[in-house]
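According to my numbering, the residues represented by the sequence shown are 1164 to 1583, in order. Notes follow the structure.
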Amino acid sequence: MERKQISKSLFPKKFLWGASTASHQVEGGTFNQWTVWELSQASELSKSAENIYKDFPSWPDIKSKAEDPNNYVSGMGVDHYRRYKEDFDLLKELNLNSFRFSIEWSRIEPKEGEWDEAEVEHYRTYIQELKNRDITPILNIWHWTMPTWFTDKGGFKNRKNIQYFTRFVDKVAKEFCGDLEYVITINEPNVYGSLSYLTGEWPPQERSFVSFFKVYLHLVIAHKKSYKILKTVNPKLNIGIAAQLANIQAKRPHNVIDGISTKLMRYFWNWWFLRRIRKYQDFLGINYYFTDYYAGLFKRRNPKVPLNDMGWYMEPEGLYPILLRAFTRYKKPIIITENGLADHEDQFRRWWIEETIVAMERALSEGVDIIGYLHWSLLDNFEWDKGWWPKFGLIEVDRSNMSRTIRPSAKWFAEKITKL
Ligand code: BGC
1164 MERKQISKSL FPKKFLWGAS TASHQVEGGT FNQWTVWELS QASELSKSAE
1214 NIYKDFPSWP DIKSKAEDPN NYVSGMGVDH YRRYKEDFDL LKELNLNSFR
1264 FSIEWSRIEP KEGEWDEAEV EHYRTYIQEL KNRDITPILN IWHWTMPTWF
1314 TDKGGFKNRK NIQYFTRFVD KVAKEFCGDL EYVITINEPN VYGSLSYLTG
1364 EWPPQERSFV SFFKVYLHLV IAHKKSYKIL KTVNPKLNIG IAAQLANIQA
1414 KRPHNVIDGI STKLMRYFWN WWFLRRIRKY QDFLGINYYF TDYYAGLFKR
1464 RNPKVPLNDM GWYMEPEGLY PILLRAFTRY KKPIIITENG LADHEDQFRR
1514 WWIEETIVAM ERALSEGVDI IGYLHWSLLD NFEWDKGWWP KFGLIEVDRS
1564 NMSRTIRPSA KWFAEKITKL
């Protein structure tokens, strides 16, 4: 009797096992503020590649790609816009039952106030094709890309522009959300706000705390308004954001300064946004990639190994304390909306997923209500300012002929989830 209980799966029966993508990173043929920026920056980014990446373990392998300006242009993507049915069949082959994707605002509303009904139809069919395969669609409304008419007006920096976003949300709600179960309004406001407005790495490349704070605050408002719109259309909808949460720890646990840095970083990076929208979310979407150790005043001092292809220190089990903390704070069901690594040789992915499953089991056994895990990403995709060389896909894509090949780690994952 006892033994039976111990061997029982910790994962709930209807657990969402899935993968994530974002429109601009896979579709191809998009025209938004990123498309414009990529084209203007490609040459510059290729010239600075050596300086930035030469210490990465992957540098000898990625050098030729990273120094090629074409690497920095999303172009035809991985042609997911046209090949989505083939990709959904692959999801099935991987035994996955859910899929997160984003709606490309610039397709639906290419000109201010004018809806492109053919594109609306495209996404309607797209969602239907998922349902036909018994795959739960997890629709993400905004994954950082915007029509250029919106960014020309100042994007999310101007409070009065929120009305354009909510008009888009209203359209998405009415067209697609009537019988969906899960919707994400915004992906990683902290990452978007900081890289686009604080560090100046991403368009519009500002470096201003005031601009950052405005954008961050306006995204809070945008989410709350969107929540109300979506609930009016479908009261049963489960709504959340995809928050990038880091497992932030003190390098020297008893050091006072490390402790202060850790607490402040945790609050501002992980909780500030979520706290503001706590009454406006039905589930917590967590994107987990990083464990960071802080020593001294806000100095990151991570172990030197193991590193993924992008030079990110990998500690997959760091998901466990994040799950515990997030659940204790907000007491909402959790979906891991992104989790993964850039690993072109597929040497760490299986280990990463294995450790992640253990971390989830540990949290589940302690009562954390985890309802889904979506790996980032289904396909190799366009990694923003890094372009095409980082390989995040469960499925490898050869962009010369767009052929898809399931990576060995993904085969293992597909088999593993049938036993959980
Ligand atoms: C983003 C994705 C990105 C991934 C890997 C997340 O921060 O939501 O768009 O590709 O990380 O860098």
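Built from N, CA and C at the ideal position, the CB exists for glycine as well. Note that the structure is a prediction, hence the values are computed from the model and not measured.
Taking only the alpha-carbon atoms, compute the straight-line gap between residue i and residue j and give it to the nearest angstrom.
i	j	result
Trp1552	Ala1406	25 Å
Ala1336	Val1468	45 Å
Gly1356	Leu1583	37 Å
Ile1423	Glu1364	27 Å
Pro1352	Ile1498	17 Å
Ile1404	Asn1233	32 Å
Lys1414	Gly1474	19 Å
Pro1496	Leu1447	6 Å
Leu1173	Arg1287	35 Å
Ile1533	Lys1462	32 Å
Gly1619	Val1199	For the chain, the structure presents residues 1164 to 1583; residue 1619 sits outside this window and is missing.
Trp1434	Trp1305	20 Å
Asp1250	Met1565	11 Å
Arg1488	Val1378	26 Å
Does DSSP put residue i in a helix, in a strand, or in coil?
i	result
Ala1409	coil
Arg1166	Only weak support is given to the placement of Arg1166: the predicted model assigns it a pLDDT of 48, under 50, and the value that follows is read from those uncertain coordinates. DSSP places Arg1166 in helix when its eight states are reduced to three.
Ile1404	strand
Ala1505	coil
Ile1266	coil
Glu1344	coil
Arg1562	coil
Glu1277	strand
Ser1227	helix
Leu1382	helix
Asn1258	coil
Trp1305	strand
Arg1246	helix
Arg1567	strand
Opposite residue i in the DSSP bridges: which residues?
i	result
Asp1455	Ile1411
Ile1298	None; Ile1298 has no bridge partner.
Ser1127	Outside the shown range of the chain, which is 1164 to 1583, sits residue 1127, and nothing can be said about it.
Leaving out five residues before and five after residue i in sequence, what residues of the same chain have Cβ atoms less than 7 Å from its Cβ?
i	result
Ile1420	Gly1459 and Leu1460
Tyr1483	Ala1522, Arg1525 and Ala1526
Ala1182	Leu1254, Leu1259, Phe1262, Leu1537, His1538, Ser1540, Leu1541 and Leu1557
Which same chain residues end up closer than 6 Å to residue i when comparing Cβ atoms and leaving out the 5 residues on each side of it in sequence?
i	result
Glu1165	Any reading at Glu1165 must be qualified, since the residue scores a pLDDT of 49, below 50, and its modelled position is unreliable; no value is offered.
Ser1186	Ser1265 and Glu1267
Arg1512	Asp1506 and Ser1572
Gly1191	Met1239, Gly1240, Asp1242 and Tyr1244
Please return the same chain residues whose Cβ sits closer than 8 Å to the Cβ of residue i, not counting the five positions on each side in sequence.
i	result
Tyr1253	The sequence given here places Leu at residue 1253; Tyr does not occur at that position. The answer, listed in chain order, is Leu1541, Ile1558, Arg1567 and Ile1569.
Asp1279	Arg1270, Ile1271, Glu1272 and Pro1273
Thr1311	Phe1194, Asn1195, Gln1196, Val1199 and Ser1269
Gly1318	Gln1196, Met1309, Asn1324, Pro1367 and Val1378
Exercise for the section: List in chain order: all unbroken beta strand (DSSP E) runs of 3+ residues lying wholly within the region 1414-1487. Expected result: Here the runs fully enclosed are 1447-1451 and 1454-1458.
Problem - beta strand (DSSP E) runs contained entirely in the region 1495-1550, provided each spans 3 or more residues - result: If we require 3 residues or more, the beta strand (DSSP E) runs fully inside the region 1495-1550 come out as 1497-1502 and 1533-1539.
Handout entry: Segments assigned alpha helix (DSSP H), at least 4 residues, entirely inside the region 1309-1373
Key = Listed in chain order, the complete alpha helix (DSSP H) runs (minimum 4 residues) inside the region 1309-1373 are 1311-1315, 1325-1339 and 1352-1360.
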